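Below you'll find the structure, written out as structure tokens, and then a few comments.
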Amino acid sequence: MSFWWIYPVLVTLCTLFYSQALRTYPSNEVMKSDALHPCVLTSCTVTLLDSMSALGDLGWVAYPPEGWEEISVMDERNTPMRTYQVCNVLEVNQNNWLRTSWIPRGGAQRVYIEIKFTLRDCNSLPGVSGTCKETFNMYYFESNYGNLQHIPENQFIKIDTIAADESFTQVDVGDRVMKLNTEVRDISNLYKKGFYLAFQDVGACIALVSVRVFYKKCPTTIRNLALFPDTVTGRDSALVEVKGSCVNNSVEFDAPKMYCSADGGWLVPIGRCFCKLGYEEKKNRCQPCLPGYYKALLTDALCAMCPAHSFSLQDSSTECTCEKGFYRAEMDPKSAACSRPPSAPHNPISTVNETSVIMEWSPPEDSGGRKDVTYNIHCRRCQPEGQKCSPCGSGIHYIPWQFGLSHPRVLITDLLPYTNYTFDIEALNGVSELSSGPKQFISVKITTSQVVNVILKERKSKDSVTLAFQGPEKTKDAVVEYEVIYYEKNQKEQNYTILKTKSTFMTVDGLKPGTTYVFRVRAHTVGGQGIYGGEIELETSTEDMIAITDPNQITILAISVAGGIILLIFLVTCFFVSGRHCGYIKAKQDPDEDKMHFQHGRVKLPGSRTYIHPHTYEDPNQAVRDFAKEIDVSSIRIERVIGAGEFGEVCSGRLKLPSKREICVAIKSLKVGYAEKQRRDFLGEASIMGQFDHPNIIRLEGVVTKCKPVMIITEYMENGSLDSFLKKHDGQFTVIQLVGMLRGIASGMKYLSDMNYVHRDLAARNILVNSNLVCKVSDFGLSRVLEDDPEAAYTTRGGKIPIRWTAPEAIAYRKFTSASDVWSYGIVMWEVNSYGERPYWEMSNQDVIKAIDEGYRLPPPMDCPVVLHQLMLDCWQKCRSDRPKFGQIVNILDKFIRTPSTLNELANSSTWQDPNMQEAFTVTSVEEWLEAVKMTQYIEHFTMAGYVTLDSVLYLSNSELTKMGITLTGHQKKILSSIQNLQALGTHVQI
5 MSFWWIYPVL VTLCTLFYSQ ALRTYPSNEV MKSDALHPCV LTSCTVTLLD
55 SMSALGDLGW VAYPPEGWEE ISVMDERNTP MRTYQVCNVL EVNQNNWLRT
105 SWIPRGGAQR VYIEIKFTLR DCNSLPGVSG TCKETFNMYY FESNYGNLQH
155 IPENQFIKID TIAADESFTQ VDVGDRVMKL NTEVRDISNL YKKGFYLAFQ
205 DVGACIALVS VRVFYKKCPT TIRNLALFPD TVTGRDSALV EVKGSCVNNS
255 VEFDAPKMYC SADGGWLVPI GRCFCKLGYE EKKNRCQPCL PGYYKALLTD
305 ALCAMCPAHS FSLQDSSTEC TCEKGFYRAE MDPKSAACSR PPSAPHNPIS
355 TVNETSVIME WSPPEDSGGR KDVTYNIHCR RCQPEGQKCS PCGSGIHYIP
405 WQFGLSHPRV LITDLLPYTN YTFDIEALNG VSELSSGPKQ FISVKITTSQ
455 VVNVILKERK SKDSVTLAFQ GPEKTKDAVV EYEVIYYEKN QKEQNYTILK
505 TKSTFMTVDG LKPGTTYVFR VRAHTVGGQG IYGGEIELET STEDMIAITD
555 PNQITILAIS VAGGIILLIF LVTCFFVSGR HCGYIKAKQD PDEDKMHFQH
605 GRVKLPGSRT YIHPHTYEDP NQAVRDFAKE IDVSSIRIER VIGAGEFGEV
655 CSGRLKLPSK REICVAIKSL KVGYAEKQRR DFLGEASIMG QFDHPNIIRL
705 EGVVTKCKPV MIITEYMENG SLDSFLKKHD GQFTVIQLVG MLRGIASGMK
755 YLSDMNYVHR DLAARNILVN SNLVCKVSDF GLSRVLEDDP EAAYTTRGGK
805 IPIRWTAPEA IAYRKFTSAS DVWSYGIVMW EVNSYGERPY WEMSNQDVIK
855 AIDEGYRLPP PMDCPVVLHQ LMLDCWQKCR SDRPKFGQIV NILDKFIRTP
905 STLNELANSS TWQDPNMQEA FTVTSVEEWL EAVKMTQYIE HFTMAGYVTL
955 DSVLYLSNSE LTKMGITLTG HQKKILSSIQ NLQALGTHVQ I
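Under the numbering used here, think of the first position of the sequence shown as 5, with each following residue one higher.
Quick look at the structure:
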């Protein structure tokens, strides 16, 4: 039985609240909820049903007929709208159903249902205790047919029970104070052509004002010249990969694709298209280059003006034609200006020395517009009496070479004596061969002189040699002097002597007896100096040589040598003593020797580094510039999306910096539409990471801040986060390998601690692993605040403190120190040894805090060595001063690695204990046992193999587990170890 007096009230309220909803929530926006972000309807949602847009009866089916009632009312704009209401609150066991008409899903696998309704507070209705409800249920039924007359109730699938955030009372109606309730739910994995919605009332007083069904899609868009069509979002939260097609007049450079997210937004584009040659990119289209412009490279975004001395007369030009008399070399890029051959060199200078000449000249005044000017030397030998000349031929040497000289200088040797030469110095550049014009050169004429011949005239003695010279036979220049150079044969010119004379003979004195000397002579004339003639070897005689046979002479010689050695030692000693003395004086005078540096209230020893928080900068952008290198976005190639972070997507890709090899990197991008504070927080992580340089700290490659999206580039860690990696490889590592991972983490934390940096969120999820199993500490951007900051984001109320990993004093008093990081490190040790198991299992955060305060500590994981668990317990000391330092932890782990025998003794308990460590488990079935050891995924394996009682599993072996399909080594060890516990728990296992 209905309350007849409630109907007009409900209708009035529906009208008022719908009008209010129109004003508060525009029709082109989706209502905010936990499951749905706001999105523009015309761009990313498609409506399948909107009860407010119906002009006539909705035609929905209500049963029983006296349940839901359809009402037509006019809103404040005199627009008719259809609503349904029901208010049978006096009758017990209400079961009123309202079913919509068939709704085609339009290809969507996930749809959203938005309902707007009002609901009466049961406390405001007298006499309805026990029969009035304040909730109703929503269901759906998939069908390929749209004309079903009756669908059994048990065929519908429940979506959710709907409760009102705001209910109204009779007083509310009079005062017109009430809000319209809006709820949004979604249905996933739809596969039939359509579906029906149903609303079940079980005794509420409710008015259903509006029902709208829609799905999301990523709208058609063009990114990087690739067209991406309308794409319906995927089921659940899965990403849909969409391949793009290049727009007209463009070609694919790297296969373009994007991912359509569950919220109807496109994620970071990968790959791209480029406009064809002769076309440029403008407004996501490829337009032809205008006359006078060209585009020769795909990677050029815009057309360029024709370079100097070139032109184009048509649209879509791929290169510009050179003007007459100008050329472009074969290896020149099409962007190079056209050029011409250079003019001739000028200002030649020649210096003749007998049969050699040094020539120098000035470069051409006009290089032709190029920098690749070179020079060729062409030689002609001319007759003295006439102008007849002929090529010089071979036998002449050019230093460094004859053709292709890059510097305006050359030395020419081995010329004929007393001969006239003409040298043509030709200038060329990269387009000289393309020109048909005359060669550009300058000529230099020279005349060589004669080489001096040397003959032996006088006899040689034990300490002298007399030489006679035969001067040049033909010369127009008088000889000024002769120059003699000589040296001992075995010294190879390392110690030579030069003598000069104006005479044609010379006696060289002071030579060693019985020694061979090499002599060479050249003549100096007014015209210059010649070259040295051929070598002559002369040996002095051995007559009158003194043999040292007198003992006194030997003694004198020995004393002289000894004295020389003593003198040498004395000099060296003085040198070192003087040096040390000077160094000591300098050190004592150094004013910085005994200084202690203070920074942020901490003592800093000379040479050490201290972390500087970006918040201490007045301009946070300056911190980024100080600690992070700016990277040109053209050096980055994004390959695929690997996840999503707090600020945006995370991708993998490649980074190629100039003069460096290409490397794999991880790319964090800041999502579009960010606020300035979000940008500062995002780049704050880079400002922190950029200060660290350690093999166990994630390395920052640089940032991109000068274009959008803003990016942080870090090294790529192939195996991802440590917790996921351990779960994937459960039981597959040796104890030494696990200790090696822990040692790397401790080494990285020691480095951070030495820099006075407190991590605050050390956990296996924030440790990354590369392909060599090297663990690196990461995640430096989450709410790093100063300890005395009253606005610290680390509060239990905000849920930001990771309770299971955080030290008690940090939870209670926000005292984050390196000691609290040590506590967290102990939890990481437990995670590693348990292969990623959740610390404290399913205990609530409050239970964890209470248990720790009462002295409870995590038990050793399965197969955990005693010494490792003891180190964990040391890290979990309640008094933070009793915990070890990270440096001590590194030393302890090093000892374990050096002496693996210390890891042999295991700490596994012989009894099972629950998370509160109060009493042993009592298991009565295989299912309970597998659930206790967290191996429920194998229940079906045991059942299919016939192991249905506890006594049947007590003697299982590795081979039997393998036959059952349990092949993971870690899982086998876990099950067999728990079987041993079963055997030891006779009083606790009910068989």
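Note that beta-carbon positions come from the ideal geometry of N, C-alpha and C, so glycine has one too. These numbers come from a predicted model, not from an experiment.
> Between the region 116-131 and the region 183-193, do three or more beta carbon pairs fall short of 8 angstroms?
Replying inline: yes
> Given that a residue counts as buried once 16 or more other Cβ atoms are within 10 Å of its Cβ, and exposed if not, what is residue 964?
Replying inline: exposed
>> At the level of alpha carbons, what is the spacing between residue 693 and residue 703?
In response: It is roughly 7 angstroms from the alpha-carbon of residue 693 to the alpha-carbon of residue 703.
> Does DSSP put residue 940 in a helix, in a strand, or in coil?
Replying inline: Under the three-state reduction of DSSP output, residue 940 falls in the helix class.
>> I'd like to know if the region 731-745 and the region 969-989 are in contact, where contact means that at least 3 CB-CB pairs between them fall below 8 angstroms.
In response: yes
> Thinking just about the alpha-carbon of each residue, which of 59, 99, 96 and 72 is nearest to the one in residue 84?
Replying inline: 59
> Where are the alpha helix (DSSP H) runs, 4 residues long or more, that stay fully inside the region 966-990, in chain order?
Replying inline: 973-988
> For residue 520, is the classification buried or exposed, using 16 other Cβ atoms within 10 angstroms of its Cβ as the cut-off for buried?
Replying inline: exposed
>> Among the candidates 385, 328, 351 and 643, whose CA atom is the shortest distance from the CA of residue 271?
In response: Taking residue 271 as reference, the option from 385, 328, 351 and 643 with the minimal CA-CA separation is 643.
> In three-state terms, what does DSSP make of residue 382?
Replying inline: If DSSP states are grouped into helix, strand and coil, residue 382 belongs with the strands.
> In whole angstroms, what is the alpha-carbon distance linking residue 608 and residue 834?
Replying inline: In this prediction, residue 608 has a pLDDT of 38, which is less than 50 and means its spatial position is unreliable; what the coordinates show is noted afterwards. Rounded to whole angstroms, residue 608 to residue 834 spans 34 angstroms at the Cα level.
> Taking one C-beta from the region 347-354 and one from the region 393-404 each time, how about it: are there three or more such pairs within less than 8 angstroms?
Replying inline: As far as the Cβ criterion goes, the region 347-354 does not touch the region 393-404, which means the pair count is below three.
> Whose C-beta lies closer than 7 angstroms to the C-beta of residue 786 among residues of the same chain, with five residues either side of it excluded?
Replying inline: Here residue 786 scores only 46 on pLDDT, less than 50, and its place in the model should not be relied on; the value that follows carries that caveat. Exclusion of the five residues before and after residue 786 leaves 765 as the residues of its chain whose Cβ lies within less than 7 angstroms of its Cβ.
> From which residue to which residue does the beta strand (DSSP E) around residue 959 run?
Replying inline: It is not in any beta strand (DSSP E) - residue 959 carries neither H nor E in the DSSP assignment.
>> For the region 248-261 against the region 205-219, do three or more pairs of beta-carbon atoms, one drawn from each stretch, fall closer than 8 angstroms, so that the two count as touching?
In response: no
> Does the ligand GTP have a heavy atom nearer than 6 angstroms to the CB of residue 835?
Replying inline: With respect to the ligand GTP, the structure shown offers nothing to examine, as it has no ligands at all.
>> Going by the DSSP bridge assignment, what does residue 147 pair with across the sheet?
In response: 198
> By a C-beta neighbour count over all protein chains shown, 10 Å radius and 16 as the cutoff for buried, is residue 195 buried or exposed?
Replying inline: exposed
> Nearest to residue 73 by CA position, among 62, 237 and 450, is which residue?
Replying inline: 62
> Residues bridged to residue 641 by DSSP?
Replying inline: 658
>> Going by DSSP in three states, residue 671 sits in which element: helix, strand or coil?
In response: In the structure shown, residue 671 sits in a strand (DSSP, three-state: E or B).
> If we ignore side chains and look at the alpha-carbon of each, how far apart do residue 773 and residue 868 end up?
Replying inline: Rounded to the nearest whole angstrom, the C-alpha separation of residue 773 and residue 868 is 21 angstroms.
>> I want to know whether the region 256-272 touches the region 222-241 - three or more CB-CB distances under 8 angstroms.
In response: Touching, yes, given that three or more Cβ pairs across the two stretches are closer than 8 angstroms.
> Run through DSSP, which three-state label would residue 742 get?
Replying inline: helix
>> If you reduce the DSSP assignment to three classes, tell me which class residue 56 lands in.
In response: helix
>> Please classify residue 337 as buried or exposed, where buried requires at least 16 other C-beta atoms within 10 Å of its C-beta.
In response: exposed
>> I'd like the list of long-range same chain contacts for residue 967, defined as Cβ closer than 8 angstroms, with 5 residues on each side in sequence excluded.
In response: If we look at residue 967 and ignore the five residues flanking it on each side, its Cβ neighbours are 949.
> residue 474 by DSSP, collapsed to three states: which one?
Replying inline: strand
> Exposed or buried, which one is residue 81 when buried takes at least 16 other CB atoms within 10 Å?
Replying inline: The C-beta of residue 81 has fewer than 16 other C-beta atoms within 10 Å across all chains shown, which makes the residue exposed.
> According to DSSP, which residues form a beta bridge with residue 521?
Replying inline: 492 and 542
>> For residue 197 and residue 699, I'd like the C-alpha separation in whole angstroms.
In response: 56 angstroms
> Straight-line CA distance for residue 647 to residue 684?
Replying inline: Roughly 22 angstroms separates the two Cα atoms.
> How about residue 673 and residue 652: do their beta carbons lie closer than 7 angstroms?
Replying inline: yes
> Of all the options 93, 213 and 681, which has the alpha carbon lying nearest to the alpha carbon of residue 86?
Replying inline: 213
> In the region 222-295, which residue ranges form an unbroken beta strand (DSSP E) of at least 3 residues, counting only runs that do not cross its ends?
Replying inline: With a minimum length of 3 residues, the continuous beta strand (DSSP E) runs that stay inside the region 222-295 are 225-227, 230-232, 244-247, 254-264, 274-279, 283-286 and 289-292.
> Do you know offhand how far residue 100's Cα is from residue 718's?
Replying inline: 59 angstroms
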